[in-house]
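When we follow numbering that gives the first Met the number 0, the leftmost residue of the sequence shown carries the number 0, and every step to the right adds one.
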Amino acid sequence: MRLTIFGSGYVGLVTGACMAEMGNHVVCYDIDEDKIARLKNGDVPIYEPGLEAYIARNVEAGRLVFTTDAKKAVDHGLFQFISVGTPPDEDGSADLKHVLAVARSIGEHMDDYRIIVDKSTVPVGTADKVKAEVQQSLNGRGKSVEFDVVSNPEFLKEGAAISDFMKPDRIIVGTDNPRTTELLKSLYEPFNRNHDRVISMDVRSAELTKYAANAMLATKISFMNELANIAERFGADIENVRLGIGSDPRIGYHFIYPGAGYGGSCFPKDVQALAKSAADEGYDAVLLKAVEDVNLRQKRRMVEKLNAHYNGDLKGKTIALWGLSFKPRTDDMRAAPSRVIMEALWDAGASVRAYDPEAMEEAARIYPAQDGLELCKTAYDAIHGADALVIITEWQEFRSPDFVLMKNELADRVVFDGRNLYEPDTLEALGLSYYAIGRGRT
């Protein structure tokens with residue numbers, strides 16, 4: 000089939016590359032000429048395991064093309080995927096200006112039937128707004144062209160997006176036209192071989208499903224972090240509690256790991272946007288607001304532990320940070336706990352020696368020429384000359400370090416573990432002070 004992807008960011012590139020991998024002919028459009036030029040030269044602007052190989056293979060095969068020509072993009076595909084960003088506005092709502100700009104562009108160039116697919120995460124009712132924008136553009140041209148707008152939200156985890164797309168848990172198709180539903184089922188048939196993963200529903204329910212999924216996962220994380228803070232007051236170990244409640248099949252073990260808070264481009268934005276959308280409809284989403292409040296507080300939890308250990312005086316201290324990305328297997332630092340922690344340390348007069356396997360270039364971009372920040376080549380380089388170590392991201396290479404070397408390198412022999420990677424008894428037996436999340440009175 001012939002597809003057009005508007006937006007060559009994270010969702011757009013993964014969608015385009017995976018669709019091309021199945022033999023479809025895909026055109027990826029973006030207004031950013033520099034980004035398209037880089038992609039044409041084989042330079043993928045984001046890090047996602049496996050994505051670069053998928054793009055290179057399908058570009059070489061002629062199934063994947065990049066362009067800044069909007070007319071060429073609209074003319075190409077029966078399916079017009081909208082995969083642009085929906086950043087949070089100042090009031091927490093999702094900013095739809097990029098989505099609606101794409102809708103207008105499609106209406107300005109469309110001459111035949113098109114299926115316009117909202118792939119971006121958008122508030123309930125966005126399909127109606129997209130439809131109105133397309134229709135207005137058509138009316139301005141004096142054209143009468145049939146089209147449908149459907150909701151087909153993405154459920155991609157950064158670091159595992161290729162696998163998530165190629166072997167999806169579910170494929171949500173929201174449409175009010177049975178014919179369009181069948182066309183979407185045909186498009187996704189190669190991803191749907193073992194059993195039917197397509198769940199058809201009305202458009203508004205599909206739009207809400209995406210927000211509901213992310214809000215549910217964020218709620219589990221904040222709930223566990225709340226329990227971890229309670230466990231500290233009681234002198235209990237949240238890791239034992241986690242095992243105890245996770246064994247209940249009604250709860251399960253997924254997303255019940257306490258830590259330094261969630262980040263990224265999805266959970267913070269989507270929880271806020273859903274709460275704001277509910278408020279616009281006259282409903283006070285108390286739980287959703289609490290989920291976000293707990294998360295914001297949790298991002299500062301490691302700083303609180305540092306201050307407690309150093310009696311509120313961090314001035315002149317050098318703190319090593321392991322992990323900058325908001326999660327492993329990505330270089331994404333959007334809303335990452337590391338940013339809150341580093342900025343609080345700088346405000347307190349401390350300096351930071353940081354290392355991350357993938358996010359070093361992103362950190363340099365966000366904090367160019369930042370006083371008090373040294374980006375190190377290895378994890379052990381980061382702890383050299385540092386007073387204390389803070390672990391923020393649970394990269395695999397941090398799970399089994401050389402603890403003796405760690406003790407010898409850290410001047411104050413203290414570790415603050417924001418992901419509960421280690422056993423307290425092990426580090427304390429080696430002479431290291433150890434502060435984790437919810438593991439006794441720390």
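Heads up, the beta-carbon is just placed ideally off N, CA and C, and yes, glycines get one too.
Rounded C-alpha distance that separates residue i from residue j
i           : j           : result
residue 44  : residue 205 : 30 Å
residue 240 : residue 191 : 38 Å
residue 208 : residue 134 : 26 Å
residue 72  : residue 66  : 7 Å
residue 196 : residue 170 : 6 Å
residue 304 : residue 349 : 15 Å
residue 201 : residue 298 : 37 Å
residue 286 : residue 69  : 42 Å
residue 220 : residue 413 : 26 Å
residue 32  : residue 8   : 13 Å
residue 335 : residue 362 : 11 Å
residue 364 : residue 233 : 42 Å
residue 10  : residue 173 : 18 Å
residue 242 : residue 252 : 8 Å
residue 427 : residue 245 : 27 Å
residue 74  : residue 176 : 22 Å
residue 40  : residue 382 : 38 Å
residue 27  : residue 198 : 26 Å
residue 112 : residue 2   : 13 Å
residue 82  : residue 360 : 25 Å
residue 95  : residue 155 : 20 Å
residue 296 : residue 167 : 33 Å
residue 23  : residue 409 : 54 Å
residue 117 : residue 150 : 5 Å
residue 165 : residue 36  : 27 Å
residue 123 : residue 152 : 12 Å
residue 119 : residue 178 : 22 Å
Residues of its chain near residue i, where Cβ-Cβ distance is below 6 Å and the 5 sequence neighbours each way are ignored
i           : result
residue 160 : 13 and 47
residue 136 : 103, 106 and 107
residue 444 : With the chain running from 0 to 441 in the structure shown, residue 444 is simply not present.
residue 277 : 284
residue 140 : none
residue 148 : 115, 126, 129 and 130
residue 145 : 112
residue 372 : 351 and 366
Residue interval of the alpha helix (DSSP H) (run including residue i)
i           : result
residue 341 : 336-346
residue 296 : 285-297
residue 375 : Neither: residue 375 is in no alpha helix (DSSP H) and is coded neither H nor E.
residue 136 : 125-140
residue 162 : 160-165
residue 179 : 177-187
residue 154 : It is not in any alpha helix (DSSP H) - residue 154 carries neither H nor E in the DSSP assignment.
residue 72  : 69-75
Burial state of residue i, where buried means 16 or more other Cβ atoms lie within 10 Å
i           : result
residue 248 : exposed
residue 417 : buried
residue 54  : buried
residue 377 : exposed
residue 230 : buried
residue 307 : exposed
residue 300 : buried
residue 282 : exposed
residue 313 : buried
residue 4   : buried
residue 310 : exposed
residue 97  : buried
residue 503 : Residue 503 is absent from the structure shown; the chain starts at 0 and stops at 441.
Endpoints, the beta strand (DSSP E) within which residue i is located
i           : result
residue 200 : 197-200
residue 14  : Per DSSP, residue 14 belongs to no beta strand (DSSP E); it is in the alpha helix (DSSP H), 9-20.
residue 97  : Taken as a continuous stretch (DSSP letters only), residue 97 belongs to no beta strand (DSSP E), being part of the alpha helix (DSSP H) at 96-108.
residue 317 : 317-321
residue 395 : Premise fails: residue 395 is in no beta strand (DSSP E) and is neither H nor E.
residue 410 : It is not in any beta strand (DSSP E) - residue 410 carries neither H nor E in the DSSP assignment.
residue 173 : 170-173
residue 117 : 113-117
residue 58  : Per DSSP, residue 58 belongs to no beta strand (DSSP E); it is in the alpha helix (DSSP H), 50-59.
residue 270 : No beta strand (DSSP E) contains residue 270, which is instead part of the alpha helix (DSSP H) from 266-279.
residue 63  : 63-66
Same chain, Cβ closer than 8 Å to residue i, five either side skipped, listed in chain order
i           : result
residue 443 : The requested residue 443 does not occur in the structure, where the chain is confined to residues 0 to 441.
residue 50  : 12, 13, 16, 43, 160 and 161
residue 163 : 154, 155 and 156
residue 369 : 345
Cutoff 7 Å; reference residue i; Cβ partners in own chain excluding five residues on either side
i           : result
residue 411 : 386 and 387
residue 189 : 21
Test: residue i CB closer than 8 Å to a CB of chain B
i          : result
residue 22 : Among the chains in the structure shown there is no chain B, since it carries only a single protein chain.
Counting pairs of beta carbons, one from the region 318-338 and one from the region 255-264, are three or more of them closer than 8 Å?
yes
Is the region 377-392 close to the region 326-340, with three or more CB pairs under 8 Å?
yes
Any contact of the region 106-115 with the region 84-91, i.e. 3+ C-beta pairs under 8 Å?
no
Are the region 179-189 and the region 203-219 in contact at 8 Å, needing three or more beta carbon pairs?
no
When you compare the region 394-408 with the region 419-430, are there three or more beta-carbon pairs, one atom per stretch, that lie closer than 8 Å?
yes
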